[in-house]
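First to last, the protein sequences are chains A and B.
Here the first sequence stands for residues 39 to 607, where the numbers follow this note's numbering.
Here the second sequence stands for residues 2 to 671, where the numbers follow this note's numbering.
Working notes, structure below.
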Amino acid sequence: MTIVRTRYAEAHPGLGDGADPVTTEIIRQGLNAAADQMKQSLIRTAFSPIIYEALDFAVAFYDADMCMLAQAPTLPAFMGTLGFCVREAVEGVGGPAALSPGDVILYNDPYGTGSHPQDAAMVVPIFHEDTLVAYSAIKAHWLDIGGKDPYCTDTVDVHQEGTIFPGVKLYDAGRLVSDVYRMILANSRMPEMVIGDINAMVAGARTGAEALGALVRRHGLDTFRRCVARMYAHGEALVRGWFERLPDGVYQESSVIDSDGVNGTPIPFGVRVVVEGSSVTVDLTDCPDQVGGPVNCPLPSTVAAVRIAVAFLAGAGEQPNEGHFRPLELVTRLGSLFHPVRPAPCFMYGIPSDHAIELIIKALAEAVPESVPAASGGDINALVWWGNREATGEPWADGAPHPVGQGAGPSADGASALMYISESATRFTPAEVWEARNPWRIERLALAEDSGGPGRHRGGLGLDLSFRILEDQYLTAGLARTALAPWGLEGGLAGRPNRLTVEYPDGRAEDFSLKTRIFLPKGAVVHLRTGSGGGYGPPAERDPEAVRADLREGYITPEHAARHYPHAL
Amino acid sequence: MTTVIGVDVGGTFTDLVLHDAATGEIRVAKQPTTPSAPERGVLAAVDAAVPPELLARCRHFVHGTTVGLNALLERRGATVGLITTAGFRDVLEIRRGDRDDPYDLFWTPPPPLVPRRLRLEVAERVAADGSVVRDLEPEDVRRAAETFAAEGVDAVAIVLMNSYANPAHEARAAELLRQAGFAGPVSLSHEVSGEYREYERTCTTVVDAFVRHRMGPYLHNLDHELRVRGFAGELLVTRSGGGALALAEAAARPFETILSGPVAGAAATARLAASLGPSLGMGTAVAADVGGTSFDTALIEDGRLPLLYQGEVVGLPLQSPWVDVRSVGAGGGSVAYADAGGLLRVGPRSAGADPGPACYQRGGTEPTVTDAALHLGMIPRGHISGGIELSEDAAARALAPLTGPTGIDGVDAVAVGVVRIAAAHMAQAVRGVTVERGVDPRGGAVVAFGGAGPVFGCLLADELDVDTVVVPPNAGNFSAVGLVQADIVRTAARTMVRPLDDEALPLVERVTEALFERLAQPGAVREVDLDLRHRGQEHTLTIPVRLGEDDVASVSARFSEAYHRAFGHTLPDPLEIVTVRATGRVVLDADRPMVPAPPSGGSGRGTTRLWSFRRGAWTEAPVIRREDLDGVAEGPLLVVEPTATTYVDAGFAAETHESGCLLITRKDSA
């Protein structure tokens, strides 16, 4: 049994000691602004709605030592995961010595990106005069790059999940490598969309590279490096300051993942968080060996889960850099659910990773009760659709995450219908945009009455979404947390779990959670009922006026009030 | 030429600018803003600066108001009822599922403007192509009217699915609502916006219904008070998208005015760039407006205002044209502090007007950007407008505590740091707008205005690698100058997703005819724009078209050019129209000249000790009154005038351009 400890060493101790704090602040802001420019460039030019609407991408800068300089706020789920893929991408093409200005490296190996092959990264080396000083990197979700299906929930090895580019030059010194380009297109079911997104990613990474290059030129390389070292020390001090205030101790929680997607067996796991002074260790060794279905979580995404949990609790609202993560150590077991080895399938890596985030936060409830809410719907409820248009035969595809109710907190009700925290910057596609684009008619888009977990503070409501299928098509469902109801805290009751039902034209109905390629005939109606938030505190302590207001606005029915809040009636 | 008054209500001051056509005279006045009844501050400014006979000669009174914005900020507006398609009552509350702060576990959206019990559903359905899937059920509308009557609803918003493609059901629902006895204002989404995206359109329509209640009475009351004082001209209200609306239109479409606050300064810059661009060498002008609480910037290309078609105010999206002015919390009042990790930070929190910077000695003790600039001699020692005596000692006392936690050696170095960080914030905001539009600001000019803009002009030029800084006349009141230059503008739009092919342009022509008919503006100059995109993309570029002259090839070529400029590449994919936009513009006074400089003045003369950022050292420098500036003066120096101070660092030289602008040019490279 191999135990792996992942932590971040200080690359150049003492380098930042003499750095001017004013220039450090100016460079820190400059890096964050440059990352934001890269993000805006990608959003504005991307072809796939998964990028421009759902913001399913990450953009970041890394220094020559692969430490994160800055990351623009997009999907927290990708927090800090790009470091692994920058390293692997550069190694793939022969190491830093093999790089020249104008290179663009393509990399999408799940064991380096942490996710599925659809999440492809572009890495651009940034040179100052003749010195390699940094990398700009973009990872974004392509609609399709091969694999047994456009979106898979039932793979048994990683090779079924998509074509893998293990670090190859897409541009060599500014020249497009057409062999690689043609291979990408030959391996996608939607080559036109993918071409558009490739162009957008290359343009974005180059925009970022230029902005960062200008920052280095402006301040000089030596000053830049010293100030960056000081910036990391600053980020580290902020996070250490937060953990120092926590009582030292060992905090543990356990839970169960619905299914591995292939055998249907539930997967129990536990988290153990050790707070010691200003450092924190998260131990995820209490889990099964890697499983046969695609819910294994490659190490980079396990790291991301831990970082997100910490960012939510201790981040002080700052855009993070490498320094913020230095106080963190992660313990995993090689060959396990949270540290699988090739060729374990991992397409649905987000399921264990998302579950771990909420469980780590729950574990810390004992240490910081004022900072921890009850459970949310707990999943992104990913759905992917595709087919060929009836009139033209043209292929189409779309995919989206869906919002869930949020857990109630110690001082307020949970918010209704927000994206799960790992995708918290993601937006829900407007029904009118969907109808203009896809052969559907949305019949209902509503908050689910009575769905919030009862409590002194009520859980947020889940979403009820129904859409009628106007042309034959396929659906892949990637729902988790369909069996485990969102937990309440401090005596609050559970909310409702996620649920997907397909109602066929013949009146038959069937529920799905993880299922690939569900045929939807014309006339079928899909009902997605997303999870709600758990309640906080005993329902008997709910303010009667709050109960009456919920009744008046129809967030709860009289029956629900009579059952859970008789004291208010 | 006509006599025009512009009055802009800001957060702190209400500014008035009057241009007297008979004498060419300019008058300015400043009065404290009176937030509870803004018309009082407006009328006080009029009473202070405009004698009755002059008011009687005024043709136009152009007003920039925050009444609509404040109604939203304070949530004081009409009780609104919403009628929507069955199945969709929660659209307003579900929003788009995102969070303003992605890292806040407890983030909760602001409560919707219409509570759930007043969001009522009617059976009906229109498809995305405009075809009717299900007829409107009249009984549902009648029932809604009963509920609204029982609940005391003041105004109703009607938003039905896909009404942008076929508005018949919305119109019919309004008719039924009237028949059922509802007498209050009704806002229809296809009239308010005409664009797709149901959450954004619902929000815009509800905001319209919500603020109309406040805006109409306010404007009519102001109009009445002006007429009592002898005003016989026309009251106009500035739009978020530039230009102004006639009173009746502004009262009927108040959501178009909500984001108008920072627009006037950008509009004045655009006007300046359009008339002087060639002679000042600025194809690209960066508006740099530094006020008390914020830095507002806009990128002006070829004298045109940068327009966007969706704005956001207090977390509510608005489908309405608005000028792309970016605001960051880096103004004179922005507070400097040492963060938990020991770095020096500036803003976004501001000491505001009250208590204001420490050097104002009105109870503020926190160090601000103004305190740092005063300490460094970038603002003349002595008095500033408003009669507040600035205290150097108070500034130094406020800055001193920052030395400890940051480890910065001495108050001088802290002050330099605060100003550099503030300038870096401003430069990043500028880079944000220029990079997004694919424009390199080098080769253009920074137009510096607002109370503190000219203090930062040279620092910004260095940060941005720009060689030219232009300080317009009346730099401190330049935003209000933008008001007296406004045209009357009305716009309408309709989403129409279809390929850009040979059949498209005749169709566009028919749609625009209908839109212009709705605008009903005789004599207006008509402008048509299309939101275009590559098929498969979502984001659009807005491209002007000349109907009757353009064909698919010429429109496509214009799109490709704009796309290349914005994104650095072009694509072969076919184009798609998303939205058709019609603009009617009545030019009030085509020859209105650049407003000349106001009477002379300015505090301080002789020499002063100031910090040169270029030299990294203290230096003795002359202080020159703006009207005394003769020929080319080499920096470092201060140029003073009643409403602003211009800091000219070493390596820059200042001269007065024939337009009255102060032209500052870099003499070496940074």
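For glycine and all other residues, C-beta sits at the position ideal for the given N, C-alpha and C.
- Shortest Cα-Cα distance from F116 (chain A) to any of A:L107, A:A98, A:C105 involves A:A98.
- In the same chain as R28 (chain B), and ignoring 5 residues on each side of it, the C-beta atoms closer than 6 Å to its own belong to L19, A50, in chain order.
- DSSP places E367 (chain A) within a strand segment (E or B) once states are collapsed to three.
- Boundaries of the alpha helix (DSSP H) around L70 (chain B): 68 to 75.
- The Cβ atoms of G205 (chain A) and G185 (chain A) lie no closer than 8 Å to each other.
- At a cut-off of 8 Å between C-beta atoms, Y219 (chain A) does not count as an interface residue with respect to chain B.
- 8 Å or more divides the Cβ of S489 (chain A) from the Cβ of D296 (chain A).
- The stretch 72 to 87 of chain B and the stretch 453 to 471 of chain A do not touch, with fewer than three beta-carbon pairs separated by less than 8 Å.
- Scanning A:P468, A:G575, A:A518 for the CA closest to the CA of S293 (chain A) turns up A:A518.
- Going by DSSP, I489 (chain B) is part of the beta strand (DSSP E) stretching over 489 to 500.
- Taking the Cα of L485 (chain A) as reference, the smallest distance to any Cα among A:R213, A:R534, A:A521 is reached at A:R534.
- For the stretch 46 to 117 of chain B, the full-length alpha helix (DSSP H) segments reaching 4 residues or more read 53 to 58, 68 to 75, 92 to 95 along the chain.
- H535 (chain B) is bridged by DSSP to B:L576.
- With a 10 Å radius around the Cβ and a threshold of 16 neighbouring Cβ atoms, K560 (chain A) comes out exposed.
- Within the same chain, Cβ atoms closer than 7 Å to the Cβ of G537 (chain B) are found at D574, the five residues on either side in sequence being excluded.
- By the criterion of at least three beta-carbon pairs nearer than 8 Å, the stretch 202 to 217 of chain B is not in contact with the stretch 226 to 234 of chain B.
- P33 (chain B) sits in a strand when the DSSP states are folded into three classes.
- In this structure, the straight-line span from the alpha carbon of L322 (chain A) to that of G443 (chain A) is close to 27 Å.
- Note that the C-beta distance between L137 (chain A) and P163 (chain A) is below 8 Å.
- Taking C-beta atoms as the reference points, V315 (chain B) and D297 (chain B) fail to come closer than 8 Å.
- Here T595 (chain A) is exposed: its Cβ has fewer than 16 other Cβ atoms, across all protein chains shown, within 10 Å.
- Looking at the DSSP output, R586 (chain B) shares a beta bridge with B:V490, B:V526.
- In the structure shown, H565 (chain A) falls within a strand segment according to DSSP collapsed to helix, strand and coil.
- The residue among B:L533, B:V436, B:Y219 with its C-alpha nearest the C-alpha of A251 (chain B) is B:Y219.
- Contact residues of the stretch 406 to 422 of chain B toward chain A are T407, G408, I409, G418, R421, I422 (C-beta to C-beta distance below 7 Å).
- Close to F350 (chain A), with beta-carbon spacing below 9 Å, are these residues of chain B in chain order: Y104, D105, L106.
- Linking F183 (chain B) to A249 (chain B) through their CA atoms gives a straight-line distance of about 22 Å.
- With its beta carbon less than 8 Å from one in chain B, I459 (chain A) belongs to the interface.
- Residue pairing from DSSP places I305 (chain A) in a beta bridge opposite A:I295.
- With respect to the 8 Å criterion, V344 (chain A) and I389 (chain A) are not classified as neighbours on the basis of their beta carbons.
- Looking at B:E176, B:R179, B:L177, B:E171, the one whose alpha-carbon comes closest to that of S194 (chain B) is B:E171.
- Of the residues assessed, H605 (chain A) falls on the exposed side of the cut-off, its CB having fewer than 16 other CB atoms within 10 angstroms.
- Distance between P500 (chain B) and V581 (chain B), taken at the CA atoms: about 13 Å.
- The distance from the Cβ of V127 (chain B) to that of V133 (chain B) is about 6 Å, consistent with a contact at the 8 Å cut-off.
- Taken through DSSP and simplified to helix, strand or coil, Y219 (chain A) comes out as helix.
- Residue pairing of M106 (chain A) in beta bridges, as defined by DSSP: A:Y100.
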